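Undergrad: First, the structure itself, so that you have it in front of you.
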Amino acid sequence: MSTPTPLAGYTSYKGLPQLAGLCTVEEAARPGLGVEECVRRLKRFHYCFKRLHQILTARITSEPIYELKTAFAHHAYLCAEHVAALRSRIGEMREPPLGLEDVPHPALEAFFDEILAAPTTEELVAGVYLDAVGALEVAIQTYMTDTNPLTDAPSRRALRFAQIELDEMNRYGRAVIASLGTTSKCCEWSDSILQPLLDLAGGIDGVASTQASGGRESPGDTQSPTTGGLTSPARQDMPRRYSAKPYVYDPVPKRDERFTDPWNQGVNAESFLYNPAFPARPKALMMLYKRLREIDVPEMMASIITQTPGKPWGYYRDMSRQLWDEARHAMMGEVGFVALGVDWTKAKITFNWSHRLNTECSPMERHGVLFFIEQGLMPKTGKRYEFETGQATGLPLIATIQDFDWADEVLHSQIGRLWYVPQFGSLKEALEYGDAAWSKILSNWTTVKEQGLTKHENWWPAVYEMACKAEGVPPDPAVLAFDETYEGKRADLQRIAAE
Ligand SMILES: [Fe+2]
Ligand SMILES: [Fe+2]
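Residue numbers for the sequence shown follow this note's numbering, so the first one is 12 and each next one is one higher.
Next comes the structure, spelled out in structure tokens:
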């Protein structure tokens with residue numbers, strides 16, 4: 012029988028919870044990890060979140076499946092927040108210089124490079140959510156167990172949030188794989204490339220390699236599985252398949268098969284929305300169309316983020332937040348259409364805007380156009396008007412959607428003022444630059460028609476009739492007859508209130 016330790020007999024005053032509710036004295040009396048080891052592991056988690064953010068963002072534009080575009084936007088934002096939290100925590104741990112931009116291990120770098128370059132949606136999803144997120148969850152759980160819950164409470168707090176969201180991401184990925192069906196190629200790639208890379212890195216946290224090297228790790232050091240000795244494998248010695256050639260970002264937006272007629276500019280939503288002669292109720296449909304069409308904003312913002320290196324992390328976090336908001340705006344449109352009994356695929360959700368900006372403008376010009384448009388949303392005719400119209404429809408859901416859409420746009424305007432405007436001498440110059448960039452892109456209404464890409468079909472009557480049928484009312488003949496396209500409209504004016 013073992014002798015009872017002093018810890019076992021210790022009680023707090025009147026049996027109150029010990030140690031501010033963190034843990035028991037007995038749990039806190041286990042030494043746990045030192046600051047140096049905590050920092051070493053936290054830097055690896057930070058690197059993983061940074062790479063996950065990069066991968067998810069870079070793949071939004073070229074991912075055809077709408078549901079995945081919006082999920083990548085969501086999860087990229089979550090990762091950006093965890094990067095920010097970890098940067099802040101590491102900065103509290105006696106660590107300058109932080110070295111947060113260093114690659115902790117070449118095999119970890121190759122592991123994420125491989126996933127970034129995954130050639131199919133199935134492999135990308137499996138690589139991100141099963142291999143990477145799954146392994147990161149395990150490493151963080153190990154950290155939570157290994158570190159002292161009292162001495163390292165701030166790290167544990169930050170990681171607890173990360174665990175919740177990683178678990179959601181992992182479950183999301185599993186559900187996607189169950190729906191799409193995973194190919195045997197994913198498993199083979201994981202077994203022969205991804206998992207061996209993780210092994211070379213000593214796992215996500217590098218614990219395997221530090222144990223072999225007496226607790227010290229310097230970038231590049233690992234326990235070689237072939238020699239059993241400590242080696243410094245060079246970056247070029249990493250097993251690679253899809254990342255054997257450097258990844259090239261694809262800025263061309265792609266859509267799934269529900270997005271028929273993506274060049275269609277046949278229904279001028281703003282013209283209908285701002286016409287006082289039309290009643291509010293059908294205007295709800297035009298606003299929902301405008302919301303769903305916003306899926307082009309994540310497609311475009313992802314290209315700015317991906318092609319603008321070297322900014323402070325706050326830039327990437329804020330831009331990713333805005334990107335995620337725009338994806339939410341698109342989903343609000345989807346929800347509204349479904350709630351009103353409308354098959355949204357009958358409204359032609361164009362990618363004309365993101366396609367042209369991504370292929371004809373520089374990242375800086377795209378940001379300029381975005382900022383210029385968002386400034387135009389603030390005056391009385393912009394988001395306030397949409398909210399008031401939403402209220403006037405008598406449909407509480409539409410009012411809620413427009414209420415939050417407006418609030419989000421105010422935030423986006425502030426993000427623009429924080430990260431875009433200071434690159435210019437004044438707000439005026441910043442706006443002029445965006446205006447000029449947008450003017451570079453003249454209307455392509457005729458061009459795309461002549462090229463046979465679209466007939467600019469008027470989809471409005473079908474969508475409006477569907478909504479009337481669901482509501483059980485006859486269509487208003489004047490509303491039904493609306494037939495105004497974007498032909499001959501200045502591209503900037505048509506978009507100023509369009510987002
Ligand atoms: Fe928006
Ligand atoms: Fe916005």
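For glycine and all other residues, C-beta sits at the position ideal for the given N, C-alpha and C.
It should be emphasised that the depicted structure is a prediction, and the values quoted were computed from it without experimental measurement.
1. Classify D416 as buried or exposed, calling it buried when 16 or more other Cβ atoms lie within 10 Å of its own Cβ.
2. If you run the structure through DSSP and keep just helix, strand and coil, what is C479?
3. Throw me the rounded Cβ distance for the I306 and I360 pair, which I believe falls under 8 Å.
4. Does the structure place the stretch 399 to 406 close enough to the stretch 426 to 443 that three or more beta carbon pairs sit under 8 Å?
5. For R266, tell me which candidate among I71, L111, C49, T496 has the shortest Cα-Cα distance.
6. At a cut-off of 7 Å, is H85 close to ligand 1 when judged by its beta-carbon and the heavy atoms of the ligand?
7. Under 8 Å Cβ to Cβ from Y18, same chain only, skipping five residues before and after it: list those, please.
8. Once the 5 residues before and after H493 are set aside, which same chain residues still bring their CB inside 6 Å of it?
9. Let me make sure I understand the geometry here. Which of A338, N286, Y326 has the alpha-carbon closest to that of P433?
10. Helix, strand or coil for I76, going by three-state DSSP, please let me know.
11. At what residues does the alpha helix (DSSP H) containing Q4 begin and finish?
12. In this structure, how does DSSP classify T35 when only helix, strand and coil are distinguished?
13. Can you say whether N159 is buried or exposed, counting buried as having 16 or more other CB atoms within 10 angstroms of its CB?
14. Going by other Cβ atoms of all chains shown within 10 Å of its Cβ, with 16 needed for buried, is P117 buried or exposed?
15. Starting from V136, trace the alpha helix (DSSP H) in both directions and tell me its first and last residue.
16. Just checking my contact of F289 with V490 at CB under 8 Å: how many whole Å lie between their CB atoms?
17. Give a single yes or no on whether E281 has its beta carbon closer than 7 Å to a heavy atom of ligand 1.
18. Report buried or exposed for E112, applying the criterion of at least 16 other Cβ atoms within 10 angstroms of its Cβ.
19. Within the 8 Å Cβ cut-off, does W430 reach chain B?
20. When the distance is taken between beta carbons, is L334 closer than 8 Å to A84?
21. Within its chain, find whatever has a CB closer than 6 Å to the CB of Y444; leave out the 5 residues flanking it on each side and keep chain order.
22. Between the Cα of N275 and the Cα atoms of A137, A87, E461, which residue gives the shortest distance?
23. Closest by CA to L368, which one among M343, M330, F398, S454?
24. Please classify G240 as buried or exposed, where buried requires at least 16 neighbouring CB atoms within 10 angstroms.
25. For Q206, which residues from the same chain have a beta carbon less than 7 Å from its beta carbon, with the 5 sequence-adjacent residues on both sides left out?
26. Pull up the distance between the alpha-carbon of K61 and that of E48, whole angstroms please.
27. Give me the Cα-Cα distance between L63 and A245, rounded to the nearest whole angstrom.
28. According to the neighbour-count rule (16 or more other Cβ atoms, all chains shown, within 10 Å of its Cβ), is F172 buried or exposed?
29. Is E397 near ligand 2, judged by its Cβ being under 7 Å from some heavy atom?
30. Thinking C-beta only, is K394 closer than 8 Å to A473?
31. What is the rounded straight-line gap between the Cα of S424 and the Cα of D446?
32. Taking only runs that begin and end inside the stretch 139 to 202, name each unbroken alpha helix (DSSP H) of 4 or more residues, in chain order.
33. Leaving out five residues on either side along the sequence, give the residues of the same chain with a beta carbon under 8 Å from the beta carbon of G499.
34. Check this for me: beta carbons of Y21 and R332, under 8 Å apart or not?
35. From T319 to P374, what distance separates their C-alpha atoms?
TA: Walking through what the data contain:
1. Here residue 416 refers to the residue found at position 405 when the sequence shown is read from its first residue. Counting C-beta atoms within 10 angstroms of its own C-beta, D416 has 16 or more neighbours from the protein chains shown and is therefore classed as buried.
2. For the purposes of this step, residue 479 is taken as the residue at position 468 of the sequence shown. C479 falls in the helix class under three-state DSSP.
3. The sequence position of residue 306 within the sequence shown is 295, counting from 1. The sequence position of residue 360 within the sequence shown is 349, counting from 1. 7 Å between Cβ atoms; contact.
4. Because the criterion of three Cβ pairs below 8 Å is not met, the stretch 426 to 443 and the stretch 399 to 406 do not touch.
5. Working through the sequence shown from its first residue, we reach residue 266 at position 255. Of the candidates I71, L111, C49, T496, the residue whose Cα lies closest to the Cα of R266 is I71.
6. Counted from its first residue, the sequence shown places residue 85 at position 74. Every heavy atom of ligand 1 is 7 Å or more from the Cβ of H85, so no.
7. Within the sequence shown, the letter at position 7 stands for residue 18. Note on identity: in this sequence residue 18 is Leu, with Tyr being the wrong assignment. Excluding positions up to five away in sequence, the list reads V36, E37, A40.
8. Taking the first residue of the sequence shown as 1, we reach residue 493 at position 482. A small correction: the amino acid at residue 493 is Phe; His does not occupy that position in the sequence shown. Result list for F493: F283, W471, in chain order.
9. Here residue 433 refers to the residue found at position 422 when the sequence shown is read from its first residue. Of the listed residues, the one whose Cα sits closest to P433 is Y326.
10. To locate residue 76, count along the sequence shown from 1; it is residue 65. In the three-state reduction of the DSSP assignment, I76 falls in the coil class, being assigned neither a helical nor a strand state.
11. Because the chain in this structure spans residues 12 to 510, residue 4 falls outside the shown range and cannot be described.
12. Within the sequence shown, residue 35 is the residue found at index 24, counting from 1. DSSP places T35 in coil when its eight states are reduced to three.
13. Position 148 of the sequence shown, counted from the first residue, corresponds to residue 159. In summary, N159 is buried, with 16 or more beta-carbon neighbours lying within 10 Å of its beta-carbon over all protein chains present.
14. The residue given as residue 117 occupies position 106 in the sequence shown. Flag for P117 reads buried.
15. The count along the sequence shown starts at 1 and reaches residue 136 at position 125. Per DSSP, V136 is one residue of the alpha helix (DSSP H) stretching across 132 to 136.
16. For the purposes of this step, residue 289 is taken as residue 278 along the sequence shown, with counting starting at 1. For the purposes of this step, residue 490 is taken as residue 479 along the sequence shown, with counting starting at 1. Contact check for F289 and V490: beta-carbon distance about 6 Å, within the 8 Å limit, so the pair qualifies.
17. Numbered from 1 along the sequence shown, position 270 holds the residue referred to as residue 281. No, since every heavy atom of ligand 1 falls outside the 7 Å radius drawn around the Cβ of E281.
18. Here residue 112 refers to the residue found at position 101 when the sequence shown is read from its first residue. By the 10 Å Cβ count, E112 comes out exposed.
19. Structure shown: chain B not included; a single protein chain is present.
20. To locate residue 84, count along the sequence shown from 1; it is residue 73. To locate residue 334, count along the sequence shown from 1; it is residue 323. Their beta carbons are under 8 Å apart, which means A84 touches L334 by this criterion.
21. Numbered from its first residue, the sequence shown carries residue 444 at position 433. Cβ within range, chain order: G379.
22. In the sequence shown, the residue the question calls residue 275 occupies position 264. Ranking A137, A87, E461 by CA distance to the CA of N275 puts E461 first.
23. To locate residue 368, count along the sequence shown from 1; it is residue 357. Looking from the CA of L368, the closest CA among M343, M330, F398, S454 belongs to S454.
24. Start at 1 with the first residue of the sequence shown, and residue 240 comes out as number 229. Its pLDDT being 37, under 50, G240 is placed unreliably by the model, and nothing is read from it.
25. The residue you call residue 206 lines up with position 195 of the sequence shown. For Q206, where only same-chain residues beyond five positions count, there are no Cβ hits under 7 Å.
26. Your numbering for residue 61 matches position 50 in the sequence shown. Your numbering for residue 48 matches position 37 in the sequence shown. Computed Cα separation, rounded: 20 Å.
27. Taking the first residue of the sequence shown as 1, we reach residue 63 at position 52. Taking the first residue of the sequence shown as 1, we reach residue 245 at position 234. Computed Cα separation, rounded: 23 Å.
28. As a working note, residue 172 is residue 161 in the sequence shown. So F172 ends up on the exposed side.
29. Position 386 of the sequence shown holds residue 397. No, the beta carbon of E397 sits no closer than 7 Å to any heavy atom of ligand 2.
30. Here residue 473 refers to the residue found at position 462 of the sequence shown. Here residue 394 refers to the residue found at position 383 of the sequence shown. Result no, Cβ atoms of A473 and K394 do not sit closer than 8 Å.
31. Here residue 424 refers to the residue found at position 413 when the sequence shown is read from its first residue. Here residue 446 refers to the residue found at position 435 when the sequence shown is read from its first residue. Using only the alpha carbons, I get a separation of about 16 Å.
32. Taking only runs of at least 4 residues, the alpha helix (DSSP H) segments lying wholly in the stretch 139 to 202 are 144 to 157, 164 to 191, 195 to 200.
33. By 1-based counting over the sequence shown, the position of residue 499 is 488. Closer than 8 Å at Cβ, skipping near neighbours: S454, W456.
34. If you number the sequence shown from 1, residue 21 lands on position 10. If you number the sequence shown from 1, residue 332 lands on position 321. The criterion of a C-beta distance shorter than 8 Å is not satisfied by Y21 and R332.
35. As a first step, residue 319 must be located in the sequence shown, where it is residue number 308. As a first step, residue 374 must be located in the sequence shown, where it is residue number 363. The alpha-carbon separation between T319 and P374 amounts to approximately 7 Å.
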